[in-house]
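Visitor: At position 233 of the sequence shown (counting the first as 1) the number is 243 in our numbering, and the numbers step up by one without a gap.
Glycine included, C-beta positions come from ideal geometry on N, C-alpha and C.
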Amino acid sequence: MKKSKKAFAALVLVFFVFLPVAIFLIWDANRTFYTDFTLHETHGSDRCFRSAALAPEPTAAPWYLTVTPGEAFSSERTHTFPHTCALHEIAGAGQYSVHARTIKGLPGIYNVVTRNRGELFALGGATMATEPCEHDGDLCATGPYAAKIDTHTLEILWKTRIHDAKQDGDWDYPGVIGVHGNGYVYLVNGYHMAKIDPADGAIVKRLKLPTPQGQKPGDTVYNGFSILSDGNLVAKSMTRKAGATADSIKALLFYHDKAVPSIIAVVEPEDLTLVAQAEVDEPVLGRISNTVFHDTEYIYVSGVKNLFRYIYGNNTLTRDEQWGPVPYCAGRQKPGTAPAILGDFVVVQTNFQLSSAALSLTAVSQADDTRVFHFEPFADRRWLPGSLQWSLPAVDVENDRVYAYDFLKGRLAAIDLDAEGGFSTAWMAKQRSLSFAALTGPPENRTLILDDANLPSPTTVRVIWRDAATGRALAKSPVLPQGFGLPITPGFDGLMYYPSHNGMLTELRIQ
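(1) Can you tell me whether Leu-97 is helix, strand or coil according to DSSP?
(2) Across which residues does DSSP place Val-412 in a beta bridge pair?
(3) By Cβ distance, which residues of its chain are closer than 6 Å to Ala-204, with the 5 residues on each side in sequence left out?
(4) From which residue to which residue does the alpha helix (DSSP H) around Gln-177 run?
(5) Among Asp-330, Asn-361 and Leu-327, which has the Cα closest to the Cα of Arg-342?
(6) What does a CB cutoff of less than 8 Å around Met-438 pick up in its chain, not counting 5 residues either side in sequence?
(7) Going by beta-carbon coordinates alone, are Val-244 and Asn-300 separated by less than 8 Å?
(8) Helix, strand or coil: how does DSSP classify Ser-370 here?
(9) Look at the alpha carbon of Asp-462 and the alpha carbon of Asp-180, and state the distance between them as a whole number of angstroms.
(10) Among Arg-250, Val-294 and Leu-219, which has the Cα closest to the Cα of Ala-286?
(11) Would you identify the three-state DSSP class for Leu-262, choosing helix, strand or coil?
(12) Helix, strand or coil: how does DSSP classify Thr-42 here?
(13) Compute the Euclidean distance between the alpha carbons of Gln-177 and Val-77, then round it to the nearest angstrom.
(14) Ignore the nearest five residues each way along the sequence and tell me which others in Asp-390's own chain have a CB closer than 7 Å to its CB.
(15) So Gly-396 packs on Ser-366, CB below 8 Å; how close in whole Å?
(16) Would Val-231 pass as a contact of Val-123 if the rule is Cβ separation under 8 Å?
(17) Nearest by alpha-carbon distance to Thr-347: which of Glu-129, Leu-317, Gly-241 and Lys-169 is it?
(18) Using only the alpha-carbon positions, how far apart do Ile-206 and Ala-157 sit?
(19) Just to confirm before moving on: does the CB-CB distance between Thr-516 and Ala-110 stay below 8 Å?
(20) Would you grab the beta carbon distance between Pro-208 and Arg-125 for me? Rounded to a whole angstrom, and I think it's under 8 Å.
(21) On the criterion of 16 or more Cβ atoms from any shown chain inside 10 Å, does Ala-377 qualify as buried, or is it exposed?
(22) How long is the line joining the alpha carbons of Gly-153 and Pro-509, rounded to whole angstroms?
(23) Assuming contact is defined by CB atoms lying nearer than 8 Å, are Arg-329 and Lys-246 in contact in what I supplied?
(24) Determine the burial state of Thr-435: buried for a count of at least 16 other Cβ atoms within 10 Å of its Cβ, exposed for fewer.
(25) My assumption, with CB atoms under 8 Å, is that Gly-241 sits in contact with Pro-72. Please give the rounded CB distance.
(26) Could you pull the DSSP bridge partners for Met-248 from this structure?
(27) What does DSSP give as the partner residues of Gly-543 in its beta bridges?
(28) Identify the continuous alpha helix (DSSP H) that holds Phe-59 and give its terminal residues.
(29) Taking the continuous beta strand (DSSP E) assigned at Leu-317, which residues delimit it?
(30) Can you look up Gly-504 in the DSSP assignment and give me helix, strand or coil?
(31) Under three-state DSSP, which class holds Pro-154?
(32) For the beta strand (DSSP E) containing Pro-184, list its first residue and its last residue.
(33) Under a three-way DSSP split, which group does Leu-518 fall into?
(34) Assuming Arg-472 and Asn-464 form a contact by the criterion Cβ under 8 Å, report the distance between their Cβ atoms to the nearest whole angstrom.
(35) Whose CA, out of Phe-502, Ala-414 and Phe-235, lies closest to the CA of Gly-80?
(36) Let's test the definition: count the other Cβ atoms within 10 Å of the Cβ of Lys-268 and tell me whether it reaches 16, buried, or not, exposed.
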């Protein structure tokens with residue numbers, strides 16, 4: 011019985027995820043996507059008054075003062091971007107059109123971040139297998155790299171290789187790039203961390219992060235980083251099975267070693283010195299989040315079954331024995347994505363891996379770990395068997411709302427959290443995505459931006475702008491190449507950036 015369930019799960023995953031991606035990569039190698047204004051057109055004044063008012067500069071805060079310094083904007087991983095505008099604030103009311111221009115030459119791109127006006131920084135070489143790649147180039151990468159892009163011309167100004175994962179047989183898995191409050195660009199991929207000069211791409215400092223004893227170092231990756239209130243960086247590891255050669259997402263889905271606990275590492279940003287580390291009781295698939303609550307800094311970690319909390323202060327990292335662990339993953343559910351901080355609560359979602367059980371949300375009070383709410387928003391949606399979602403929900407702290415979606419169910423839901431009554435669904439829409447959403451605009455008029463599989467084609471998407479209050483679709487992009495599980499990123503001037511697995515980055519402009 012167990013074998014038949016595993017065979018069924020593998021069949022569903024191959025048919026709905028890996029086969030479409032493989033078909034797309036072959037079919038799209040020479041395809042040119044719609045570009046409706048010239049590559050060298052420069053943008054005029056910033057149409058979004060919030061980003062126009064920004065004076066990007068180094069700051070004492072953890073993250074650089076810019077529209078998108080990190081993949082989720084903040085260390086709380088809300089995916090709410092406060093220096094952005096709602097759709098009507100950019101382009102007025104009425105009918106909208108979405109104009110796109112694209113560049114190639116960014117193989118294996120994961121995320122992009124903004125810094126000063128006119129600057130984008132990208133992590134690439136991290137979302138596609140290195141096995142078939144012989145040499146770095148515009149279509150292929152043998153390991154992670156950082157790149158700087160001019161937002162006016164969409165010219166790639168420089169690329170800096172971090173390490174050759176193929177040569178060492180390392181697991182190449184993102185990872186993230188972000189801009190620290192000190193102005194430098196930092197990148198984590200595999201077990202490597204780099205501090206990069208944003209002007210010329212020079213690597214200022216390198217660090218090999220700690221790996222489990224008795225394991226080949228290259229079998230361990232740190233999937234992302236966050237920044238603590240004192241400016242130190244914090245990252246978390248995961249390890250594939252010894253002897254496995256599978257790369258990229260395949261290694262995580264099928265060869266993740268559940269017997270090897272994850273490591274949390276804290277790194278000082280100036281010299282990239284390891285200042286603290288701790289071993290989690292369970293392996294952790296999702297990224298970690300941190301916040302200051304009631305004058306104490308906490309790091310939240312979603313293990314394979316339980317949600318843990320660590321206390322951080324003065325370069326010291328300790329498990330909070332007075333809070334948790336809180337079970338969030340039950341029965342046949344699979345481990346969760348990164349926790350997101352929703353005011354007084356921390357929210358975690360299940361089924362990062364394919365599961366035959368329904369996806370659920372769990373909210374736990376930061377003040378009292380006995381106050382727990384569970385919710386299955388898509389339990390009655392049975393068009394396709396199983397559940398899968400790689401990306402954590404977007405959360406709106408000011409409106410006590412969570413935006414969750416299930417790829418196999420093909421549904422997106424706005425879910426309200428009441429501190430006394432728990433979760434309730436505000437609205438639901440048909441939408442199929444594995445990517446990270448973005449919330450833009452002020453609390454009273456949010457816009458939710460997320461891609462949607464462009465059925466019946468399994469290899470393309472359209473990005474949809476929705477009124478976050480009602481779910482009403484407001485605008486839709488031209489057809490774009492699929493970017494499974496990648497962050498959709500706001501920029502200056504109300505622009506959005508959509509990366510794809512075929513090495514393209516598309517700029518989307520609302521008019």
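Guide: Reading from the atomic positions:
(1) helix
(2) By DSSP's assignment, Val-412 forms a beta bridge with Val-405 and Ile-425.
(3) Ile-172, Leu-197, Ile-213 and Arg-216
(4) 175-178
(5) Asn-361
(6) Pro-387, Arg-421, Leu-422, Ala-423, Ala-424 and Gly-481
(7) yes
(8) coil
(9) 32 Å
(10) Leu-219
(11) Reduced to three states, the DSSP call for Leu-262 is helix.
(12) Its pLDDT being 40, under 50, Thr-42 is placed unreliably by the model, and the measurement read from it follows with that caveat. Residue state, collapsed to three classes: coil.
(13) 36 Å
(14) none
(15) 5 Å
(16) For Val-231 and Val-123, no; Cβs fall outside 8 Å.
(17) Leu-317
(18) 10 Å
(19) yes
(20) 6 Å
(21) With fewer than 16 other beta carbons inside 10 angstroms of its own, Ala-377 counts as exposed.
(22) 18 Å
(23) no
(24) exposed
(25) 6 Å
(26) Val-231
(27) Only positions 11 to 521 of the chain appear in this structure, which leaves residue 543 out of reach.
(28) Membership of Phe-59 in the alpha helix (DSSP H) is indicated by the continuous run 59-62.
(29) 316-323
(30) Reduced to three states, the DSSP call for Gly-504 is helix.
(31) Here Pro-154 carries a coil assignment [DSSP, helix/strand/coil].
(32) 184-189
(33) Per DSSP, reduced to three states, the secondary structure at Leu-518 is strand.
(34) 5 Å
(35) Nearest to Gly-80 by alpha-carbon distance, out of Phe-502, Ala-414 and Phe-235, is Phe-235.
(36) exposed
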